[in-house]
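Since the structure comes first, as structure tokens, the remarks are kept for the end.
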Amino acid sequence: MSNVCEDHIFSEIFKKHSKTVFNFIFYKFGNEEKAHDAVQEAFVKLWQNCSKVSPDKAKSYVYTVANNLYLNVIKAEKVRLKHADSLVNDRTNESPEFLMEEKEYKEKLDNALNALPDNQRTTFLLNRVDGKKYAEIAEMESVSVKAIEKRMHLALKSLREHIDGI
Amino acid sequence: MQENYLAKWLSGELSDEELREFESSPEYASYQKLKDVSSKLMAPDFDSEKALMRLKDEHIANAPRVISLNPFKKFLRVAAVIAILLAGSYFYINSLNENVSTEFAERSEVVLPDNSEIFLNVDSRISYSKKNWDKNRNIDLDGEAFFKVAKGKKFTVSTEHGTVAVLGTQFNVENRNGFFEVTCYEGLVSVTHKNQETKLSAGSSFMVINGKIIKTGTPKGTIPSWMNNESSFESIPLKYVLAELERQFNIKVSTENIDTNLLFTGSFNNTDLNMALKSISTPSKTNFKIDGDNVLFYAGNTLQ
Numbered sequence: 009m010s011n012v013c014e015d016h017i018f019s020e021i022f023k024k025h026s027k028t029v030f031n032f033i034f035y036k037f038g039n040e041e042k043a044h045d046a047v048q049e050a051f052v053k054l055w056q057n058c059s060k061v062s063p064d065k066a067k068s069y070v071y072t073v074a075n076n077l078y079l080n081v082i083k084a085e086k087v088r089l090k091h092a093d094s095l096v097n098d099r100t101n102e103s104p105e106f107l108m109e110e111k112e113y114k115e116k117l118d119n120a121l122n123a124l125p126d127n128q129r130t131t132f133l134l135n136r137v138d139g140k141k142y143a144e145i146a147e148m149e150s151v152s153v154k155a156i157e158k159r160m161h162l163a164l165k166s167l168r169e170h171i172d173g174i
Numbered sequence: 002m003q004e005n006y007l008a009k010w011l012s013g014e015l016s017d018e019e020l021r022e023f024e025s026s027p028e029y030a031s032y033q034k035l036k037d038v039s040s041k042l043m044a045p046d047f048d049s050e051k052a053l054m055r056l057k058d059e060h061i062a063n064a065p066r067v068i069s070l071n072p073f074k075k076f077l078r079v080a081a082v083i084a085i086l087l088a089g090s091y092f093y094i095n096s097l098n099e100n101v102s103t104e105f106a107e108r109s110e111v112v113l114p115d116n117s118e119i120f121l122n123v124d125s126r127i128s129y130s131k132k133n134w135d136k137n138r139n140i141d142l143d144g145e146a147f148f149k150v151a152k153g154k155k156f157t158v159s160t161e162h163g164t165v166a167v168l169g170t171q172f173n174v175e176n177r178n179g180f181f182e183v184t185c186y187e188g189l190v191s192v193t194h195k196n197q198e199t200k201l202s203a204g205s206s207f208m209v210i211n212g213k214i215i216k217t218g219t220p221k222g223t224i225p226s227w228m229n230n231e232s233s234f235e236s237i238p239l240k241y242v243l244a245e246l247e248r249q250f251n252i253k254v255s256t257e258n259i260d261t262n263l264l265f266t267g268s269f270n271n272t273d274l275n276m277a278l279k280s281i282s283t284p285s286k287t288n289f290k291i292d293g294d295n296v297l298f299y300a301g302n303t304l305q
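Top line first, the protein sequences correspond to chains A and B. One point on numbering: in the numbering used here, the residue at position 18 of the first sequence is 26, and numbering is uninterrupted. One point on numbering: in the numbering used here, the residue at position 131 of the second sequence is 132, and numbering is uninterrupted.
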């Protein structure tokens, strides 16, 4: 039987899920350093308890540990995301007005994202940036799929209202 | 429109009809732009290889896994139980008396905590409390022993025939079935027999045979003869002599047509059985026969 204590299995799990753990914590609290630490702490815990956690439970185990780490401990800071340059690069013939508008829109989006409640922002970004399905996000947050759909719906609504200035 | 339709729209779960309705709504353009732009957002860089290296360097090298901790915990549990048992038995044994005994044809020497010495003759047993020795110098004796007592508090030897108390001296106590003899070689010894105290000065003996106090002569030498591998007797019933012979050589002695209450004066060597047998048979005018570990003494005029 494969065991998380085996080095190659552990490394495989780490490579597969560490990035999502990192993003998960970053979206929530907007603090890169804390997100790095969360990855370390969650996987150290997994390693320490490797004999008790089966490989198929390892994924939700590290999310739960990471999620519990900073619960009620740190206040959300600004979430600064990078915007893919390709949006601009493949349209070199855009007018300066259009580029200006694009820049303004991105700023509005950033502000709108930071204005969202932590759990709505996390759900929205995990789906939009990481391409996670609602079911996966539900597993990470230990809530129902329906609750994630609700958060997603409310996030979209708030973002649109914020950007459009309603 | 169904509940959470915006979420359903993003995940492509709206029905054609719902989709058409949504697309015709005034907010649709805004949502569409939001969908496009948000999909091009990027999270900060994260190098999972580097993070894994850091994890292994900083934490895993130092943090033992539970799997390796478990047997150690079990070991600790077992070790704790053993430690408790050892400590418990140490105190228990410490509170018990020390016992030294000799078998037939075996002798032993014991040095007590205060450097007093006890020489145990054959088939003898002593016991004393090592822990309380400083407070209570008491020896229980069954058999025969020679004592060299270091100066100090009262030193007592308890036997079923009586007690012997001294302060610092050298004396011999023989406590056998029906036979009790104390010989003082140095200093002063107090013997209590049936609540009667007798003081023995150096070079005197106190002897009780079958409950009767017997007058004895002056012992020879400064240590008991058995310390020099010789058993000496002065007017002692032959049965005690033969009993001593049995103990010294680990043999079985039987008699035929002999009055073992006759008194015997003499000695026998404790190392040479043949010589010892002759030493007894010649003065008592008896004959003997050896058959393995059995020796038979018979009257001189008995035909065998």
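For every residue, glycine included, the Cβ atom is placed at its ideal position computed from N, Cα and C.
One finds R168 in chain A with Cβ atoms closer than 7 Å to the Cβ of E28 (chain B), taken in chain order.
When the five nearest sequence neighbours on each side are left out, the beta carbons in the same chain lying within less than 8 Å of the beta carbon of L243 (chain B) are those of V254, T256, T261, I281, F298, in order along the chain. Using a CB distance below 7 Å, the part of the region 22–41 of chain A facing chain B consists of F22, K23, S26, K27, F30, N31, F34, E40, ordered along the chain.
Nearest CB-CB separation between F51 (chain A) and chain B: below the 7 Å threshold. For N178 (chain B), the closest alpha carbon among the candidates B:S128, B:P114, B:E245, B:T157 is that of B:E245.
K53 (chain A) and L7 (chain B) do not touch by the CB rule: their CB atoms are close to 36 Å apart, not below 8 Å. About 14 Å separates the Cβ atoms of I171 (chain A) and L42 (chain B), ruling out a contact at the 8 Å cut-off.
Annotated as distal: R136 (chain A) and Y35 (chain A), with beta-carbon spacing of 7 Å or more.
Between the alpha carbons of H161 (chain A) and L77 (chain B) lies a distance of about 55 Å. Put simply, of B:E24, B:E182, B:V101 the residue whose alpha carbon is nearest the alpha carbon of F234 (chain B) is B:E182. DSSP, reduced to helix, strand and coil, places A151 (chain B) outside both helices and strands of the structure shown, so it counts as coil. Residues of the region 110–140 of chain A with a C-beta atom less than 8 Å from some C-beta of chain B are Y113, K114, L117, F132, L133, N135, R136, V137, D138, listed in chain order. For a Cβ distance threshold of 8 Å, residue set L89, K90, H91, A92, V137 of chain A lies close to M43 (chain B), ordered along the chain. Taking the C-beta atoms as reference points, K65 (chain A) is found no nearer than 7 Å to H25 (chain A).
Counting only the Cα atoms, S19 (chain A) lies some 30 Å from H91 (chain A).
DSSP places T103 (chain B) outside both helix and strand once states are collapsed to three, so it counts as coil. For L264 (chain B), the uninterrupted beta strand (DSSP E) segment begins and ends at 264–270.
Going by beta carbons, F148 (chain B) and D124 (chain B) fall outside the 7 Å limit. In the DSSP assignment, R126 (chain B) falls within the beta strand (DSSP E) that extends over 126–129.
Counting along the chain, the unbroken alpha helix (DSSP H) around M160 (chain A) starts and ends at 153–172. For F181 (chain B), the pairing in a beta bridge is given by DSSP as B:N176, B:V209.
Note that the C-beta distance between L134 (chain A) and K140 (chain A) is below 7 Å.
Excluding sequence positions up to five before and after N31 (chain A), its CB lies within less than 8 Å of the CB of A43, L133, L134, V137, D138, all in the same chain and listed in chain order. In this structure, the beta-carbon distance from V150 (chain B) to S102 (chain B) does not fall below 7 Å. CA-to-CA, the gap between D115 (chain B) and N133 (chain B) works out to about 11 Å. Bridge partners of F289 (chain B) according to DSSP: B:F298. Within the same chain, and ignoring the five residues on either side of T170 (chain B) in sequence, the residues whose Cβ sits closer than 7 Å to its Cβ are V150, C185, E187, G188, L189, V190. Cα atoms of N100 (chain B) and I127 (chain B): separation of roughly 6 Å, rounded to the nearest angstrom.
At a beta-carbon threshold of 7 Å, the residues of chain A lying near F47 (chain B) are K27, F30, ordered along the chain. The beta carbon of A81 (chain B) sits no closer than 7 Å to any beta carbon of chain A. Residue-level contact check: L7 (chain B) touches chain A, since one or more beta carbons of chain A fall below 7 Å from its beta carbon. The C-alpha of F289 (chain B) is placed about 7 Å away from the C-alpha of V296 (chain B).
Restricting attention to B:K57, B:F265, B:E19, B:S226, the CA atom closest to the CA of T272 (chain B) is found in B:S226.
About 6 Å separates the Cβ atoms of I210 (chain B) and F180 (chain B), confirming a contact at the 8 Å cut-off. In the structure shown, Q3 (chain B) adopts coil according to DSSP, grouped into three states. The three-state secondary structure of T164 (chain B), taken from DSSP, is strand.
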